[in-house]
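In the UniProt record's numbering, the protein residues as written are 1 to 163. Ideal Cβ placement from N, Cα and C applies to all residues, glycine included. Structure first, commentary second.
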Ligand SMILES: [Zn+2]
């Protein structure tokens, strides 16, 4: 759950309430980074808004299908893909919105796919983010390399000493 104000990746739930019909949960959250509060509503139904404006029900199978192409020839199992699709769904649901932009889905895939397989991640990102040049790949690889030396989720972690 990203903070909508500063995009901090974590938030703390300060209050939860189930709606009267039990179909949704309202959560009051606080960002540990900027301390601002926001509300999310988690519902049981999740729709995808396509670029055409049409909506369709969210489908984990579609996530798996899209990511599987990027994983061809990579050591990624069907179980890995299923877990990734589950993570994506959890991320989208935690946004609190019942309607998700198709673009948001691609964004939600990138994080867990990067953790799963970096080559597949680059393939997926190159299509999804429409890489146009070698520089785009270089920039993405630079970010990946930076991630290798900074796996700590704490933003205040010190830089590792130069060797
Ligand atoms: Zn924040």
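Cut-off 7 angstroms between Cβ atoms - residues of its own chain near residue i, not counting five sequence neighbours on either side
i          : result
residue 74 : 117, 119 and 120
residue 30 : 11, 12, 14 and 37
residue 76 : 116, 117 and 120
residue 68 : 81
Cutoff 8 angstroms; reference residue i; Cβ partners in own chain excluding five residues on either side
i           : result
residue 55  : 47, 48, 49 and 99
residue 92  : 46, 58, 100, 104, 105 and 108
residue 34  : 3, 5, 6 and 8
residue 131 : 125, 137 and 140
residue 110 : 121, 124, 125 and 128
CB-CB length for residue i against residue j, believed under 8 angstroms
i           : j          : result
residue 112 : residue 88 : 7 angstroms
residue 32  : residue 12 : 6 angstroms
residue 123 : residue 70 : 4 angstroms
residue 102 : residue 51 : 6 angstroms
Minimum C-alpha distance to residue i - residue among the options
i           : options         : result
residue 36  : 65, 42 and 5    : 5
residue 17  : 7, 28 and 81    : 28
residue 66  : 19, 39 and 82   : 82
residue 25  : 84, 94 and 10   : 94
residue 147 : 115, 42 and 133 : 115
Neighbour-count burial assignment, residue i, 16 or more Cβ in a 10 Å radius
i           : result
residue 141 : exposed
residue 39  : exposed
residue 14  : exposed
residue 79  : exposed
Same chain only: Cβ atoms within 6 angstroms of residue i, ignoring 5 sequence neighbours per side
i           : result
residue 128 : 106
residue 41  : 24, 26 and 96
residue 19  : none
residue 63  : 85 and 88
residue 134 : none
Any non-hydrogen atom of ligand 3 within 7 angstroms of residue i CB
i          : result
residue 36 : Questions concerning ligand 3 fall outside what the structure shown contains, since the ligands it does hold are ligand 1.
Test: residue i CB closer than 8 angstroms to a CB of chain B
i          : result
residue 71 : Absent from the structure is chain B; it holds one protein chain and no more.
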